[in-house]
Structures are given as structure tokens and as C-alpha cells.
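Protein chains: 2
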Amino acid sequence: MNRITTLFGIQYPIIQAGMIWCAGWELASAVSNAGGLGLIGAGSMTPDVLRNQIQKCKGATNKPFGVNVPLIYVQTDEVIEIIIDEKVPVVFTSAGNPGKYTAHLKSHGIIVVHVIANLKFALKAVEAGVDAIVAEGFEAGGHNGIEETTTMALIPMIREKVHIPLIAAGGIAGGPQMLAAFALGADAVQIGSLFVSSFESSAHPAFKQAIIDASDGSTSLMLKQLVSVRLLKNPFYEQVKNAEQSGATVEELKTLLGKGRAKRGMFEGDLVDGELEIGQVSNIIHKIKSVNDIFETLIAEYNLAKQNHLPEIL
Amino acid sequence: MNRITTLFGIQYPIIQAGMIWCAGWELASAVSNAGGLGLIGAGSMTPDVLRNQIQKCKGATNKPFGVNVPLIYVQTDEVIEIIIDEKVPVVFTSAGNPGKYTAHLKSHGIIVVHVIANLKFALKAVEAGVDAIVAEGFEAGGHNGIEETTTMALIPMIREKVHIPLIAAGGIAGGPQMLAAFALGADAVQIGSLFVSSFESSAHPAFKQAIIDASDGSTSLMLKQLVSVRLLKNPFYEQVKNAEQSGATVEELKTLLGKGRAKRGMFEGDLVDGELEIGQVSNIIHKIKSVNDIFETLIAEYNLAKQNHLPEIL
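Chains as they are written, first to last, in my numbering: chain V, 107 to 420; chain U, 107 to 420.
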């Protein structure tokens, strides 16, 4: 249908982001079974857990799926070998140098996609030989680029210079936003927050409810001195904000963040002391739904918007 | 053609933002003559200058045009009376309470539009009886909302709750972005940076060239403690950044900003000590063009993107 669906061998140009603590085999296989591309988020898994999740995913779907690998973790070499050993068809790499594993993965027949938030890394990824790139805007949840370029401003800039398939991420939780992403020049969308809120995600139910309750201005990009991350505003966010406003050093911020904050918030449902990574589009997510319902709604809304929103301008 | 073109009596749903120091009668009349809605930016004009600019605009076009009035200035009462006296057909108000002048302006037959960046002020504007609203995203140049909601995330949220005509602003400098804005649910676009860079704008040629030279990450939202404003990065921006990072107080920031910074930068072309307000989309503005060329390009790109970018998803 288009070059992204052809590349991955999927029905719809809809990719589920491989988010930490939320994207296990249940979510990834449900998305792949619905006709999109599901991704397991390796960033919050030990190598053993990841292997187990991949095997369960293969048992739950015969459609293509992938693994998202943030390149900042220590066990990346081991993770990459597990992925090759388990014959995972697709890998998305993020948060690191796309030159490091691309050729190695591709030599095993794996399709490689790299996530970027600026032009410099887009060009690096192309040079590394990736099959496609994800360009992620400022409005996205979780880790984010220092340029703060939004999806509206990012996609056309990347499209001018990059000619391989391009996936837009950040700000997409409904059919009109999906249509907008294509209008900007993307070949597919990657959706995070909306799938975090789904029944099949492994996010804690209290976190899912917090996404439903979120509205205008409920998130903020924080910790820019460490690594920018978009957080849902909660008491932990307030602590970070106060520390930053009183001029905390990088070391002080690292101490405040500590270990296991994201697990505590997103997986264990501690809405007070946990770190809750989510996108601005939680402002239009109003109901916890199944992955199948989400696909049905997205596609119906897309077609309605395509039919009704776009005036003839001659 | 749609409810915005009908409301204003214009040919294209394209509105030129009424920016300080850049939007005089030459720009506004050129945009109106090209089939859009041109706006004179009253924010940088004394009442006498504004009257003169309105009269010159009336001499240069017989098409509808408007005036943008930021409500934060001291002489707003006088400015509003001049606009009524000169029978300006359209007023855009921004940066203030939409309840203050809307009924008064409408009682004189003037179409009133209010600029917002969040849901609360959108609902206030509707309650005040405005004819349309502009929803402006984080990527826009100049003054900006504290929620930092991007155009992708803002427009669908506003569209859910607001049923009067909606104009999208922020992140629009090309046909694909214009198509995206409509996809999101807007009825028209308001374009700033691209018109600042036009031949007809009263921006200093050195500032126009700086927009052409800008690329990825060239702007940043600053002065959030005073009033958020997106600036082109230059030595003055560095001074602001250093002051903010070392914990400057609001008073210290006000002193640093001083008086006349925007005029010095944008109108007088002082790229070192001047304040240069511009949007993220300066990353895709590569050439200084006439307003007529800009309209031709926008419409051709819009139609090309509409024809080629949007896949069938069934």
C-alpha cells in the first residue's frame, strides 16, 4: 500500500512505539495481529526477560513484529545477539549512535529503523544504512531531543533532506493527527501514549487512568540537563521542577531521579513518587480501549478527516 | 469556499499574522490583494502611526484586511477607537482578556478573532462572543503559551470543545504544513515567520537573511518567567540563557530585556543585541520571496501534498 507497509509486510502504516514498562509481548502481538507493527520495548528488560518476551510474542502472532533497543544501556551487545538469535524481523534503535549495530543487524536480514529528533542524526542514520527513520517531535512522551522541534516543524525539514521511508512520532493519538502526519510527508506514524493507555499495555491501571484524566498542560519536558524527558505532572514532577528552579546540579538531579523511578510510576502505579512518561496527546485520550478498538477508531477517523477536513484550494 | 473565507470575504483561508515591527500596511495590503487576510500589527505602533498605517492600507487595497491588537499595552482604549473610527473590518486580539473589547467592537460591525494557546482561553473567547479563534502552538515565533502545547496536540483538543471557526497557527510555512493544519481540524491557517521573510514585510533585511540562514534548533522558547517568547538564537539570546541558567530574578530579566530590544533586532537589524522573534519553521524558509510568490507556492504545494501524501487506508 505504501513503502512502509511494503518494507515491514504489514497492513496499516501504524507502528506502536516500544516504550519502557508498557510494551511487552501482549501489546506488541495485539498490534501486529491488528495489522500494524508491534514493538517490544527492550529498554526496561533484562536480557533474559527480553528473550522470554520475544518467544511469547512469536507464540501469540505469526505477523511481523519488532524490538525497540535504546542504545544507552550497558547490556546492548547481549540484547542485540538475543534479537539475532531469536530471528526478530525488525529492530528500532534509539538514543545512541545508529552506526554501531546497523550493519551487523542487517547482515542477519533484520530490518533496521533508527529514531531521531534532529537533522544531524537523521543524516547519520541514513549514512549508517538504516531502512527507515522515525522522526519524533517535542510533544512526544519520554525521552526527547534538545532542539525541541515539534512534529509540524520537524517532518517537513527531515523530508527535504532524507529520502528513505520516514515515520512521524509525537502528537499522534487520533485519525486527524495521523492524516496530518501524512500531510507533512511521513510514510507512517508511530504511536506511543495511546497504546500505553490500551488494555493490552503492561502499564499499571492507575497510570492508564492518569492518562485518561490528563488534559491541557498536564505534561512538561523536564530534566533537560540530564536527558530531556516529557513527564506527566505529579508530585515527583514537582520535586524535579523545584530542584531545577533552584539551580540543582546534574549530580543533584541524578540523585533525585535515583534508580527505578520509571518502573515505580509506570509499572507499579505509584502516582506520587513514580516517574510517568507520557505525551501531550494524553489531552485527547478519554477512554481505555483494546488495541482492536484503537485501530478501528484510528482508521475510521482518518477516513472521515480525509473526506471532510481538507478544502479545495484553487 | 469554507466558513473562514465566508466570514472574512476572502479567497484563500490564509491569514498573515499581525506581527510587531514586521507587519505594516505594505505587507497587510499585499496579502489581502493576493486573496488572503492581511493584518497590520498594532503592537509596535503608537496610535498615530497605526491610524496612518490603516489609511495607507485602505489606499493600497479594496479587499478586507484587519489589525492585530495585543491587549497588554497601555494605549489599547485609544487604539480600539481608532480602529472603529477608521472602519477596519476585522480585529484580531491577543495576549489578554477577550471579554474586554469583543462586544464593543462587534457593536460597530467589526469581526473579532481572539488568539489563544490553551483550552481555558479558547472557552473564554467563545463566551466573549468572538467570531473565530486562532489556536497557536509552541513552535510559533514570538509570544507563546505556558502549557507549551504544540499545534499537533493543540488543534484537535480545541476542536473537540470549540465549534466556532478555528484558525491554526505555529509551524506553518509550506503547503504540507497547511494541509496538516486542515487535517487536524482547522478552518484556516495563520502564517507568521514566512511573511516576516517576505519582501513586503517591514522586518530589516538583515533579520530576513537571518531567517533564511536559520536551520534545525535555531530558535528557543525563552523568558518563561516573564512572558514566554520564541527567539532566534543570537548573542542577546545567549545573554538571556545565561541569566536564566544562573537563576536570575524576574526583575533582573526585565532589566536585561530593557526597552526597545525587539525594535532594535527586528526593525533595525541589530543581530547582536536585538531581540529576534521567529518560529521554528524558519528551518524550511530558504528564500526571500514576494507575497504573490508565497501564495502561489503555498497553494501549489498544498494541492501536490493533497494529491500525493495521503494514502488510502481501508
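Note that CB positions come from ideal geometry on N, CA and C, so glycine has one too.
U/S388 vs U/A320 beta-carbon contact at 8 angstroms: Taking the second sequence and counting its residues from 1, the one referred to as residue 388 of chain U is at position 282. Taking the second sequence and counting its residues from 1, the one referred to as residue 320 of chain U is at position 214. In this structure, U/A320 lies closer than 8 angstroms to U/S388 by Cβ.
In DSSP terms, what U/T325 is bridged to: Taking the first residue of the second sequence as 1, we reach residue 325 of chain U at position 219. Answer by DSSP bridge pairing, in chain order: U/L338.
Simplified DSSP state of V/N348, which is helix, strand or coil: If you number the first sequence from 1, residue 348 of chain V lands on position 242. V/N348: helix per DSSP, three-state reduction.
Cross-strand partners of U/H249 (DSSP beta bridge): As a working mapping, residue 249 of chain U is identified with position 143 in the second sequence. DSSP lists U/V335 as partners of U/H249.
Close Cβ partners of V/D379 (< 8 angstroms) along its chain, the five nearest in sequence each way excluded: Position 273 of the first sequence, counting from 1, holds the residue named residue 379 of chain V. For V/D379, where only same-chain residues beyond five positions count, the Cβ hits under 8 angstroms are P341, F342, R367, R370 and G371.
Contact between the region 258-271 of chain V and the region 348-357 of chain V (3+ Cβ pairs under 8 angstroms): no
U/N459 versus U/G281, U/K360 and U/S326, residue with shortest Cα-Cα distance: In the structure displayed, chain U extends from 107 to 420; residue 459 of chain U sits before or after that span and is not available.
Nearest candidate by alpha-carbon position, reference V/A136, set V/G251, V/V302 and V/I278: Sequence index remark: in the first sequence, residue 136 of chain V carries index 30 (1-based). Ranking the options by Cα distance to V/A136, first place goes to V/V302.
Sheet register partners of U/I217 (DSSP bridge): Walking along the second sequence from the start, residue 217 of chain U turns up at place 111. Note: U/I217 sits in a beta bridge opposite U/V196.
V/L211 versus V/A223, V/S324, V/D191 and V/K226, residue with shortest Cα-Cα distance: Stepping through the first sequence from its first residue, residue 211 of chain V is reached at position 105. Of the listed residues, the one whose Cα sits closest to V/L211 is V/D191.
Member of V/I252, V/I239, V/T403 and V/P176 whose CA lies at the smallest distance from the CA of V/S334: Along the first sequence, read from residue 1 onward, the residue named residue 334 of chain V stands at position 228. Nearest of V/I252, V/I239, V/T403 and V/P176 to V/S334, Cα basis: V/I252.
Short CB-CB distance (under 8 angstroms) between V/I390 and chain U: Working through the first sequence from its first residue, we reach residue 390 of chain V at position 284. Yes, V/I390 lies at the interface with chain U (some Cβ there is under 8 angstroms from its Cβ).
Opening and closing residue of the alpha helix (DSSP H) in which U/R301 lies: Taking the first residue of the second sequence as 1, we reach residue 301 of chain U at position 195. Arg is not the amino acid found at residue 301 of chain U; the sequence shown has Phe there. Its alpha helix (DSSP H) spans residues S299 to V302.
Stretch-stretch touch, CB-based, cutoff 8 angstroms, three pairs: the region 124-136 of chain V with the region 306-316 of chain V: yes
Any chain V beta carbon closer than 8 angstroms to U/G277: Here the question's residue 277 of chain U lines up with position 171 in the second sequence. Interface residue, yes.
Reduced DSSP secondary structure (H/G/I, E/B, other) of V/F244: For the purposes of this step, residue 244 of chain V is taken as the residue at position 138 of the first sequence. Coil.
Run of the alpha helix (DSSP H) containing U/G165, from where it starts to where it stops: On the second sequence, residue 165 of chain U is found 59 positions in, with the first residue counted as 1. Run containing U/G165: P153 to A166, per the alpha helix (DSSP H) assignment.
Backbone CA spacing between V/M263 and U/E187 [nearest angstrom]: Counting from one through the first sequence, the residue named residue 263 of chain V turns up at place 157. Counting from one through the second sequence, the residue named residue 187 of chain U turns up at place 81. Distance between the alpha carbons of V/M263 and U/E187: 43 angstroms.
Separation of V/G248 from V/I384, as counted between CA atoms: Counted from its first residue, the first sequence places residue 384 of chain V at position 278. Counted from its first residue, the first sequence places residue 248 of chain V at position 142. It is roughly 6 angstroms from the alpha-carbon of V/I384 to the alpha-carbon of V/G248.
Beta-ladder partner(s) of V/L377, from DSSP: Within the first sequence, residue 377 of chain V is the residue found at index 271, counting from 1. When beta bridges are read from the DSSP output, V/L377 appears opposite no residue.
Proximity winner among U/T257, U/F244 and U/A275, relative to U/H220 (alpha-carbon distances): Start at 1 with the first residue of the second sequence, and residue 220 of chain U comes out as number 114. Among U/T257, U/F244 and U/A275, the Cα nearest to that of U/H220 belongs to U/A275.
Endpoints, beta strand (DSSP E) assigned at U/F171: The count along the second sequence starts at 1 and reaches residue 171 of chain U at position 65. Unbroken beta strand (DSSP E) run through U/F171: F171 to P176.
Chain V contact for U/A286 (CB, 8 angstroms cutoff): Start at 1 with the first residue of the second sequence, and residue 286 of chain U comes out as number 180. Yes, U/A286 counts as interfacial toward chain V.
Under the three-state DSSP convention, the category U/E383 falls into: Working through the second sequence from its first residue, we reach residue 383 of chain U at position 277. In the structure shown, U/E383 sits in a strand (DSSP, three-state: E or B).
Under the three-state DSSP convention, the category V/Q122 falls into: Locating residue 122 of chain V in the first sequence gives position 16, where the first residue counts as 1. The answer is strand: DSSP assigns V/Q122 an E or B state.
Counted within 10 angstroms of its Cβ, other Cβ atoms place U/E233 as buried (16 or more) or exposed: To locate residue 233 of chain U, count along the second sequence from 1; it is residue 127. Classification of U/E233: exposed, given that the 10 Å Cβ count is below 16.
Straight-line Cα distance separating V/L177 from V/Y408: On the first sequence, residue 408 of chain V is found 302 positions in, with the first residue counted as 1. On the first sequence, residue 177 of chain V is found 71 positions in, with the first residue counted as 1. Looking at the two C-alpha atoms, the distance is approximately 34 angstroms.
Contact under 8 angstroms by Cβ, U/V173 with U/L145: Position 67 of the second sequence, counted from the first residue, corresponds to residue 173 of chain U. Position 39 of the second sequence, counted from the first residue, corresponds to residue 145 of chain U. It is a contact, given that the beta carbons lie within the stated cut-off.
Chain V residues whose Cβ lies nearer than 7 angstroms to that of U/V221: Here residue 221 of chain U is taken as the residue at index 115 of the second sequence, counted from 1. Residues of chain V passing the Cβ test: none, with the nearest at roughly 16 angstroms.
Opposing strand residues paired with V/Q296 [DSSP bridges]: Indexing the first sequence from 1 puts residue 296 of chain V at position 190. BP columns for V/Q296 point to V/I121 and V/A275.
Span separating the alpha-carbon of U/M258 from that of U/G149: Numbered from 1 along the second sequence, position 152 holds the residue referred to as residue 258 of chain U. Numbered from 1 along the second sequence, position 43 holds the residue referred to as residue 149 of chain U. Taking the straight line joining both Cα atoms gives about 27 angstroms.
Straight-line gap, U/A393 to V/R336 (C-alpha atoms, nearest Å): In the second sequence, counting from the first residue as 1, residue 393 of chain U sits at position 287. In the first sequence, counting from the first residue as 1, residue 336 of chain V sits at position 230. First, the residue type needs correcting, since residue 393 of chain U is Lys and not Ala in the sequence shown. Cα-Cα distance, rounded: 34 angstroms.
Contacts around U/L229, its chain only, beta-carbon distance under 8 angstroms, and the 5 residues preceding and following it disregarded: Within the second sequence, numbered from 1, the residue matching residue 229 of chain U stands at position 123. Result list for U/L229: K267 and V268, in chain order.
Interface flag, U/P271 vs chain V, CB-CB below 8 angstroms: Residue mapping note: residue 271 of chain U aligns to position 165 of the second sequence, counting from 1. It does not: the Cβ of U/P271 has no partner Cβ on chain V nearer than 8 angstroms.
N-terminal and C-terminal residue of the beta strand (DSSP E) that U/L145 is part of: Translated into positions along the second sequence, residue 145 of chain U becomes position 39. Its beta strand (DSSP E) spans residues G144 to G147.
For V/I239, the residue or residues it bridges with in DSSP: Numbered from 1 along the first sequence, position 133 holds the residue referred to as residue 239 of chain V. DSSP output for V/I239 lists V/H220 and V/L272 as bridge partner(s).
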